[in-house]
Structures are given as C-alpha cells and as structure tokens.
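As they're listed, the protein sequences go chains A and B.
Numbered per the numbering used here, the first sequence spans residues 1 to 269.
Numbered per the numbering used here, the second sequence spans residues 270 to 524.
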Amino acid sequence: MTQLTALGKSPAAPAARRGPGRPRRAIALNLLAVVLGLIIWTLLASIGVQGLPGPLQVAAKAGELIADGTLLDDALASLRRVLLGFLLGTFLAVPIGFLMGWYATARGLLEPYVQFFRTIPPLAIIPLAIVLMGIGEVPKVFVIFLASFLSSVVATFQGVVDVDKTLINAARVLGASDRTIFLKVVVPASTPFILVGMRVGLGSAWGTLVAAELIAAQEGLGFRMQQAQLYYDLSTIFVGLIAIGLLGLLMDRLLLLAERRLTGWQERR
Amino acid sequence: MNAKISFTDVAKTYPVKDGTFTALDRVSLDIADREFVTVVGPSGCGKSTLMSMAAGLVEPTSGGVLVDGVPVAGPGPDRGVIFQQYALFPWLTVRKNVEFGLKLTDLPAGERRRRAERAIELVGLSDFADALPKTLSGGMKQRCAIARAYAVNPQVLLMDEPFGALDALTRVQLQDQLLDTWSQEQRTVMFITHDVDEAVYLARRVIVMAARPGRIQQIIDVDLPYPRTEEMRLSPEFGRIRNEVWHAVYHQAPA
C-alpha cells in the first residue's frame, strides 16, 4: 500500500526538481562530494582495509575489461535482457491497466492477481522460474518482465482511476462519446502516472536483472561479479557495480527526460 | 407555456445507513427562453444537483426535466456547462481546449478554426490562444472555459458557481462580460452561486433554495433594467432586493 501512495504522489514530485537547470552552486557541491568520496576511498584502501582496491586499481581494471571487450559484452547482455523484459512488461501493462481502470468487471477479475503478485518480490519467483523454464534466457527475461509489468500496471490503473471526474464531465457535456473520452481525456490525463510507473518499473527491472544473473548466467554484469567473487577479484566487482549504477542512472535520466517532454503541461504547485 | 427548461417534481434521494437522504424534494421550476436565472442557497440545498440534472450529469430519482419540451437523457452540446473548477484540459492550449467540442461536430476544419477564434476573441484571450492552462490566471482559465462552451453555440448555459474561486475584482469584470455577451446572444442562463450580490446583479429572477431537504424557498423578481451597470449596485432598489434575497437565504426557518 505504501507503494500505491507513493505512486499517486509522484507525478507532482519531479516538479520541484524541474526548472531551467540546477544552480551552479548545487553542481559544484555534487562534484565536491564525488571528489571527497574518491579521496576517502583512496585513504581507506591505502591504510589497508583488507583487500580493498583503490580507485586507480579499479580504473585500471575497467580499462582492461573495456580493452578486451568483456565489459561491453556483459553490459550489452544485461541491457538486452532488461530492455526485452521491460518493454514486454510495459506494453502489456498499459493496456491491462487501462482495462482495469475503465471497466469495473476487468478490475474485479484482475485485481486479486495484481495485488497478490505485487506483494511478492520478483526475486522470490526466481527459483520457480528456473525450475520451470531452465537456466537459459527465458527465466531471467520473465522475472524482469514480471517486475516491470507489476509496477506499470498498478500505476496505469491508478492513473485511470484518479482522472479528475470534472474533466470527464467537461468532455461529456461537449458531446463526447465514451470512446472519445477514453482516447482524448483518460489517456492523456493518466500519462504522468504511466511514466512514473515505467520509471519505477525500470528501476525494479534493473535490480531484478542483476540478481537473476548472480544465480545462473553465462554472461552479463551480474554473472561477471559472481565469477570475480570466486577469485577474490574485488576490482572487477567494483567495475561491475559502477557499470550497473551508471547504466541504471542513464536509463532513469532518459525516462525522466521523456516524462518532462510528455507531461510538461502539468500544473506545478 | 414556452419554458426553455422545465423541472417537474424532480427529487433526488440517496440511500444512507438509516434510511434515505433527500438532496432535492420535489422541485418544480420553469425557466423561460432567453431568461437569466440565478439560484442561491446555503450549501447542501441541492442547487448544483438541480443544475446537473438539466446538464444531464445527474439523473433525478423521480420527476423529470424537459429542455425545449424534450426530456433530458444525458449531456449534450445544446447545453453548455461551466464548472467552478474550470475543468480545462491541462495538456491542451487555450485554442485546442476551445476547439475540443467543435471537433466532435462534423464542421469543416476551417469553420472550426473560425468559430474557436471568435469565441476566444469574445472572452479577450486572443493573445493567449497558444498558451497552456497552467500559465493562465484563475480568471483567464474561467474565460477560456466560457469560450469553450460558447464555441459550440449552446442555447442554454448552465453555470455552477463559475466565479466562486476568483478574487472580487475579476469576479465583477467577468460578471459584466457575461451580461454583455448574454445581451447580445440571449441564451438561456441558469447560474448557480452562493453570492447574494452576484445573484441579484445578474438575474431577472433569483431562485432562493433551502436545505434539508433541498427545495425552493422563494422566487424573487429583480425589476432592474438591463444593461445592468456598476452604479445600479449602489441604488436603493438594488439594496432592497439584495436584502430580500439575503433574508430569504440566511434567515430560513429550520426544516
């Protein structure tokens, strides 16, 4: 239920961060924080936390992994899985969410399943998925699909339910049919919710992916880290973590950009 | 009897825990063609419900509403509705909002544009035709909503406390503007308000309603000529009628 409330509020939340770009002071502070972090990391590594590599070692390892193509291959393998699962999940979630929001019958039939599976962390499905679908690509994509599907479906559904009734009445009194109301009022009005759902879905898809790869994979960032763990290769683990973080951040920013483009009409308070 | 809008014994009841709640208790009212009628009353008197029945947004539990002698069955573009919360589509510009209703007709695109242009001009928003609602002030938003209703050329305007959320000055300006267009185009207007001054200033007849159960308390004629002017607000006659309406609204005997 907490997630529901958070979803409901979030379309307005990015508003605070919007504006003609962050002030220079904030960017300077961000950079300062990064530099300070690197210094502390270097210090910790040099005063001898057992086996901890410093930033330079990690950078060197990253260079090595980039040079022999491993990092790119792993990143692409991971991205392919996450995008496939995410796109399938979202494309299915949006129409189903609309269906649930618009038709009480569909809501009654689907809601128990959606609400039930929402409470199960997608990771908990992994053992089942592996038993049923083997250890190939299918179970990983499936789990990612499930993760993004569930957050998008709930957001879309919530978006449709929360469409301002006055807007629907305003369209009705102008002579709009149900079909027009759906296409011209409900769809645009729920877009902010859908995009927030997609962002949450992408985040949870990304998190699920790495975990899925930790268990069974032949390539991918999660798999690489799992391998490195066996050889006590902390540098590779750090490279993997940083790559996961950067890619996740990049994807989130891209969706945020799309969100601002598509929902710039929203009133900010 | 050539009533434009005719309510006959309309009632609205809602089931509640112990029995039924009566929002409207068998109300009958005729509004003549081209008449400007205001409806005032305390909250809970059912004035918005009454208007929504004419709009086709609320169905009476019993009784019926006729518009032009035809029973109301759902909303339609022959009756324009203005809501207190503006109800503009926030993702559309002023022009696109105004064109929304026109696009549902089979008018050719050129004619649609021309009509939208004229409605926008009528409410003085020409300079803001391509602005999004979020950039407009409350008064401008409501003018845009009025233009959207005018554009489809309804014969009846149903207005639900349209100026209730505006500051006093904007409110007076919009009242004058509304009367101005009304005197030119002579639509039938049913205007809901809780502001006694506004009710008297605009209307030919003020319908005073009472609550619990919602019903018509008194109907007060406003014998002031149109066009109404700001000086008229200060006249003794205006004051007398306002006092009468005020008394009817705020000194109701408990039901």
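Don't be surprised by glycine CBs; every beta carbon is placed ideally from N, CA and C.
Because the structure is a prediction, the values reported are computed rather than measured.
query: Give the range of the alpha helix (DSSP H) segment to which T263 of chain A is assigned.; result: Run containing T263 of chain A: none; DSSP gives neither H nor E here.
query: Three or more beta-carbon pairs under 8 Å between the segment 195 to 214 of chain A and the segment 75 to 89 of chain A, yes or no?; result: yes
query: Please give the ranges of any alpha helix (DSSP H) in the segment 34 to 86 of chain A, keeping only runs that are unbroken, at least 4 residues long and fully inside the region.; result: 55 to 67
query: For L298 of chain B, list the residues DSSP reports as bridge partners.; result: B:F276
query: In chain order, what residues of the segment 186 to 202 of chain A put their CB closer than 7 Å to some CB of chain B?; result: P188
query: Give the interface partners of E267 of chain A over in chain B, defined as CB-CB distance under 7 Å, in chain order.; result: P359 and K403
query: Give the list of continuous alpha helix (DSSP H) stretches no shorter than 4 residues that lie fully inside the segment 319 to 382 of chain B.; result: 363 to 372
query: Is there a Cβ from chain B that is less than 8 Å from the Cβ of G37 of chain A?; result: no
query: For Q487 of chain B, write down the residues that DSSP places opposite it in a beta bridge.; result: B:V477
query: F352 of chain B versus chain A: which residues are under 8 Å apart at the beta carbon?; result: T166, N169 and A170
query: What are the start and end residues of the beta strand (DSSP E) that includes M428 of chain B?; result: V425 to D429
query: Taking C-beta pairs closer than 7 Å, name the residues in chain B that A176 of chain A reaches, listed in chain order.; result: L373
query: Starting from the beta carbon of T180 of chain A, find every residue of chain E whose beta carbon is closer than 7 Å, and list them in chain order.; result: Going by chain labels, chain E is absent from the structure shown, which instead holds the protein chains A and B.
query: Mind listing, in chain order, the continuous beta strand (DSSP E) runs of no fewer than 3 residues lying wholly within the segment 387 to 469 of chain B?; result: 425 to 429 and 457 to 462
query: Provide the residue span of the beta strand (DSSP E) that contains T307 of chain B, from first to last.; result: F305 to V309
query: For V239 of chain A, go through chain B and note every residue whose CB falls closer than 8 Å to its CB, in chain order.; result: The contacting residues do not exist; V239 of chain A stays about 44 Å from chain B at best.
query: Is there a C-beta anywhere in chain A that falls below 8 Å from the one on F397 of chain B?; result: no
query: Can you confirm whether A324 of chain B, when its beta carbon is compared against all beta carbons of chain A, has any partner nearer than 8 Å?; result: yes
query: Kindly indicate if chain B contains any beta-carbon less than 8 Å away from that of V34 of chain A.; result: no
query: So with Cβ pairs under 8 Å, would you call A356 of chain B a contact of chain A?; result: yes
query: Do the CB positions of V143 of chain A and A129 of chain A come within less than 8 Å of each other?; result: yes
query: At a CB-CB cut-off below 8 Å, which residues of chain A make contact with R348 of chain B?; result: V173
query: So that I know if they touch, is there some Cβ in chain A lying closer than 8 Å to that of G370 of chain B?; result: yes
query: Starting from V163 of chain A, follow the alpha helix (DSSP H) in both directions and report where the run begins and ends.; result: V163 of chain A -> no alpha helix (DSSP H), and no H or E assigned at all.
query: Among B:A324, B:Y419, B:L373 and B:L405, which has the Cα closest to the Cα of I274 of chain B?; result: B:A324
query: Would you list, in sequence order, the uninterrupted alpha helix (DSSP H) runs of no fewer than 4 residues that lie entirely inside the segment 186 to 264 of chain A?; result: 187 to 215, 221 to 230 and 234 to 262
query: Rank A:L195, A:R261, A:M225 and A:I237 by C-alpha distance to the C-alpha of A155 of chain A and give the top, closest one.; result: A:L195
query: Use the C-beta contact count for S151 of chain A: other C-beta atoms within 10 angstroms, 16 or more gives buried, fewer gives exposed.; result: buried
query: Answer yes or no: does any C-beta atom of chain A fall closer than 8 Å to that of P344 of chain B?; result: yes
query: Quick one: Cα of R497 of chain B to Cα of R260 of chain A, how far?; result: 47 Å
query: Checking the sheet assignment: what are the DSSP bridge partners for P284 of chain B?; result: B:T289
query: Here's a check: name, in chain order, each residue in its chain whose Cβ is nearer than 8 Å to the Cβ of K403 of chain B, leaving out the five neighbours to either side.; result: P359
query: Can the beta-carbon of I488 of chain B be found closer than 8 Å to that of R511 of chain B?; result: no
query: Between the segment 417 to 445 of chain B and chain A, which residues of the former have CB atoms less than 7 Å from a CB of the latter, in chain order?; result: V421
query: Excluding the five sequence neighbours on either side, which residues of its own chain have a C-beta within less than 7 Å of the C-beta of I244 of chain A, listed in chain order?; result: V210 and L221
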